[in-house]
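Undergrad:
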Amino acid sequence: MKFSVKSESPENQCSACIIVGVFEQCHLSLAAQQVDRISGNYISSLLNHEDLKGKLGETLLLYNVPSLLSKRVLLVGCGKKSDLDQYQYKKIIQKMIQKLNKIGSKEAICFLTDLSVKKQNTYWKIRQAIETIQDNLYSFEKFKTTIPKFSHRLGRLEFNVLNSNELVEAEKAMTHALAIASGIKASKDLGNMPPNIANPTYLSSQALKMASKYDNIITTIISENEMKELGMAAYLAVGYGSKNESSMSIIEYKGNPNAKAKPIVLVGKGLTFDSGGISLKPSEKMDEMKYDMCGAASVFGTMKALARLDLPINVVAILAGCENMPSSDAYRPGDILTTMSGQTVEVLNTDAEGRLVLCDVLTYVQRFDPDCIIDIATLTGACVIALGHHVSALMSNHHPLACELISASEQANDQVWQLPILNDYQEQIKSKFADIANIGDRSAGAITAACFLSRFTKKYHWAHIDIAGTAWKSKGSTGRPVSMLVQFLLNRSKAVNKK
Ligand code: BES
Ligand code: MN
Ligand code: ZN
1 MKFSVKSESP
11 ENQCSACIIV
21 GVFEQCHLSL
31 AAQQVDRISG
41 NYISSLLNHE
51 DLKGKLGETL
61 LLYNVPSLLS
71 KRVLLVGCGK
81 KSDLDQYQYK
91 KIIQKMIQKL
101 NKIGSKEAIC
111 FLTDLSVKKQ
121 NTYWKIRQAI
131 ETIQDNLYSF
141 EKFKTTIPKF
151 SHRLGRLEFN
161 VLNSNELVEA
171 EKAMTHALAI
181 ASGIKASKDL
191 GNMPPNIANP
201 TYLSSQALKM
211 ASKYDNIITT
221 IISENEMKEL
231 GMAAYLAVGY
241 GSKNESSMSI
251 IEYKGNPNAK
261 AKPIVLVGKG
271 LTFDSGGISL
281 KPSEKMDEMK
291 YDMCGAASVF
301 GTMKALARLD
311 LPINVVAILA
321 GCENMPSSDA
331 YRPGDILTTM
341 SGQTVEVLNT
351 DAEGRLVLCD
361 VLTYVQRFDP
371 DCIIDIATLT
381 GACVIALGHH
391 VSALMSNHHP
401 LACELISASE
411 QANDQVWQLP
421 ILNDYQEQIK
431 SKFADIANIG
441 DRSAGAITAA
451 CFLSRFTKKY
461 HWAHIDIAGT
471 AWKSKGSTGR
481 PVSMLVQFLL
491 NRSKAVNKK
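Following the UniProt record's numbering, the numbering of the sequence shown begins with 1 at its first residue and continues without gaps.
1. Indicate, with yes or no, if the ligand MN has a heavy atom lying under 7 angstroms from the CB of residue 500.
2. Look up Ile250 in the DSSP assignment and say whether it is helix, strand or coil.
3. Within 10 angstroms of its Cβ, does Ile38 collect 16 or more other Cβ (buried), or is it exposed?
4. Ordered along the chain, which non-local residues of its own chain (more than five positions away) have a Cβ less than 8 angstroms from that of Thr457?
5. Hey, which unbroken runs of the alpha helix (DSSP H) at 4 residues or more fall wholly within the stretch 165 to 214?
6. In chain order, what are the residue ranges of uninterrupted beta strand (DSSP E) at least 3 long that sit wholly in the stretch 339 to 366?
7. Apart from the five residues on each side of it in sequence, which residues of its chain come closer than 6 angstroms, Cβ to Cβ, to Glu226?
8. Rounded to whole angstroms, what's the CA-CA distance from Leu112 to Gly21? Just pull it up for me.
9. Would you kindly work out how many angstroms separate the C-alpha atoms of Val238 and Ala352, rounded to a whole number?
10. Give every residue of the same chain whose Cβ lies closer than 7 angstroms to the Cβ of Pro263, excluding the five residues on either side of it in the sequence, and list them in chain order.
11. Kindly indicate which three-state DSSP category Glu245 falls into: helix, strand or coil?
12. Look at the Cβ atom of Met293, then the Cβ atom of Leu266, and state whether they are nearer than 8 angstroms.
13. Whose C-alpha, out of Glu252, Gly255, Val299, is nearest the C-alpha of Ala186?
14. Could you tell me whether any non-hydrogen atom of the ligand ZN is closer than 7 angstroms to the CB of Asp360?
15. Judging by CA-CA distance, which residue of Pro400, Gly301, Ser4, Thr478 is the nearest neighbour of His390?
16. Which full runs of the beta strand (DSSP E) of 3+ residues lie inside the stretch 28 to 67, going along the chain?
17. What three-state label does DSSP hand Cys99 in the structure shown?
18. Within the continuous alpha helix (DSSP H) that includes Ser392, where are the two ends?
19. Helix, strand or coil for Ile439, going by three-state DSSP, please let me know.
20. DSSP on Ile313, reduced to helix/strand/coil?
21. Determine which residues share a DSSP beta bridge with Gly77 and list them.
22. Since Ile130 and Phe3 should fall inside the 8 angstroms C-beta cutoff, what is the C-beta to C-beta distance between them, to a whole number of angstroms?
23. Return the first residue and the last residue of the alpha helix (DSSP H) that His464 is part of.
24. Which residue's Cα is closest to the Cα of Trp472: Ser164, Lys290, Met395?
25. Give a yes or no on whether the C-beta atoms belonging to residue 507 and Pro200 are separated by under 8 angstroms.
26. Compare the beta carbon distance of Ala377 and Ile447 with 8 angstroms and say whether it is the shorter of the two.
27. From what residue to what residue does the alpha helix (DSSP H) around Arg127 run?
28. On the three-pair Cβ rule with 8 angstroms, is the stretch 232 to 248 touching the stretch 319 to 338?
29. Using only Cβ atoms and a threshold of 5 angstroms, which residues come within that distance of a heavy atom of the ligand ZN? Order them by chain position.
30. Out of curiosity, what's the CA-to-CA distance linking Gln428 and Asn438?
31. Classify Thr145 as buried or exposed, calling it buried when 16 or more other Cβ atoms lie within 10 Å of its own Cβ.
32. Tell me where the beta strand (DSSP E) around Ala412 begins and ends.
Have a look at this one:
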């Protein structure tokens with residue numbers, strides 16, 4: 001799909017379709033008012049006859065509107081004018097793209113950027129629209145041997161802005177959105193891959209491929225042997241049950257004019273399949289545990305967007321690839337592992353494997369002298385119980401970092417919600433025989449998992465994002481939280497420019 005921006009009035013447009021918004025109670029958007037005027041009140045007469053009520057998401061396609069050069073006009077209901085917020089705007093764009101695909105117009109011009117959305121500007125509206133459209137058009141068909149009949153015929157969409165002095169911001173929004181959308185697609189593609197193909201080595205091969213494609217990226221792979229030398233016994237223990245070797249990818253991006261500037265470190269849980277190991281999971285929905293690498297996939301997608309945006313910051317990303325399987329080589333409940341940090345961990349459940357992989361990576365990344373570390377992981381079922389599927393959980397040992405991430409998530413419409421990791425919870429992961437146990441009791445599972453990680457991140461600013469509820473839905477991988485992470489990096493880049 002090709003996108004572009006321009007600033008013209010609807011009457012001069014000769015397109016296959018132009019899209020304008022109408023509100024409830026016969027309120028017309030600015031562009032709809034213009035179309036109405038040119039066409040001798042054609043639109044308002046329709047509203048008066050209640051052919052369209054302006055309800056949120058309602059659509060009406062008009063042909064041959066009097067005096068208009070464009071062939072079709074698509075009216076999209078925008079609900080109550082005073083209610084229009086970012087969620088409703090997203091719904092409006094979704095309905096628009098679904099309808100456009102049904103109509104089969106090759107091109108269209110969207111005037112919905114003239115809607116006033118609470119607290120949001122033109123930049124936001126265009127960026128959100130492009131991200132939403134690309135999200136809607138995504139499908140994963142690599143493994144279908146018959147080509148699906150439905151093909152998206154819309155090939156070109158232009159966004160119209162009210163004033164030509166908004167064009168610079170509009171172009172910027174488009175550039176950002178396209179980079180983010182390509183990161184989200186890369187993340188979804190990786191997440192949706194079947195686990196027999198997408199094993200830890202495959203993750204690493206993708207990371208290497210990225211480095212060969214982008215000049216500003218360098219990838220290094222750490223093999224099981226190297227991990228052994230580094231003392232990453234907890235990470236390794238999780239992968240021992242599988243004949244697919246663990247593999248850790250390090251993707252380095254250097255964009256800061258000061259090459260020595262401390263990097264932002266992103267760590268992604270990359271369990272390419274989590275059977276639970278000896279503490280085997282029930283078989284129902286076990287297929288979904290192919291998504292247990294979505295943290296790594298989101299980090300991968302974020303790096304792709306970053307490479308395209310060429311931002312003036314330094315970032316190190318880790319894909320912690322591993323497979324958790326039961327076998328006679330597998331680690332067991334009762335095992336005591338000495339982590340890379342020197343702290344010992346008693347394994348009480350081999351299904352709490354993510355934290356064991358992550359704890360060694362969190363120790364390993366200290367060598368980069370990070371400005372901050374953010375890990376992203378499908379870490380706990382408890383997170384899904386606590387927060388459901390709409391927001392990711394955020395936990396951090398540094399309040400300003402948490403605030404930065406929360407505002408990035410709001411800007412990107414990719415929400416997180418903070419949970420507390422107060423010291424009181426640390427009691428729950430006491431072990432009888434080692435320094436720490438790898439599980440707590442049944443209460444506050446998302447928090448005790450974060451408490452476990454916090455034992456390995458005391459030396460730096462750290463945030464943990466649990467995406468167990470948001471990384472996939474029934475249709476497949478969502479690519480979350482790429483949008484939020486790239487927003488965070490964009491915000492950090494602005495701060496560099498100001499210095
Ligand atoms: N990958 C799972 C978490 C998960 C479960 C994510 C379901 C999304 C949906 C993780 O490795 C896991 O199994 N966690 C256990 C921890 C427990 C044993 C303390 C869980 O949440 O049940
Ligand atoms: Mn598990
Ligand atoms: Zn897992």
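By construction, the Cβ of each residue, glycine as well, lies at the ideal position given by its N, Cα and C atoms.
In this text, all values refer to a predicted model and were calculated from it rather than measured experimentally.
TA: By the coordinates alone:
1. The first residue shown for the chain is 1 and the last is 499, placing residue 500 beyond what the model contains.
2. strand
3. buried
4. Leu362, Ile373, Asn397
5. 167 to 192, 200 to 213
6. 344 to 346
7. none
8. 6 angstroms
9. 10 angstroms
10. Asn314, Val315, Val316, Phe368, Pro370, Asp371
11. coil
12. no
13. Val299
14. no
15. Thr478
16. 59 to 63
17. A quick correction: the sequence has Lys, not Cys, at residue 99. Correct three-state label for Lys99: helix.
18. Taken as a continuous stretch (DSSP letters only), Ser392 belongs to no alpha helix (DSSP H), being part of the beta strand (DSSP E) at 392 to 396.
19. coil
20. coil
21. Val22
22. 6 angstroms
23. Per DSSP, His464 belongs to no alpha helix (DSSP H); it is in the beta strand (DSSP E), 462 to 466.
24. Lys290
25. Here the chain covers residues 1 to 499 and nothing more, so residue 507 does not appear.
26. no
27. 122 to 137
28. yes
29. Leu271, Asp274, Asp292, Gly354
30. 10 angstroms
31. exposed
32. Segment 399 to 412 is the alpha helix (DSSP H) holding Ala412; no beta strand (DSSP E) there.
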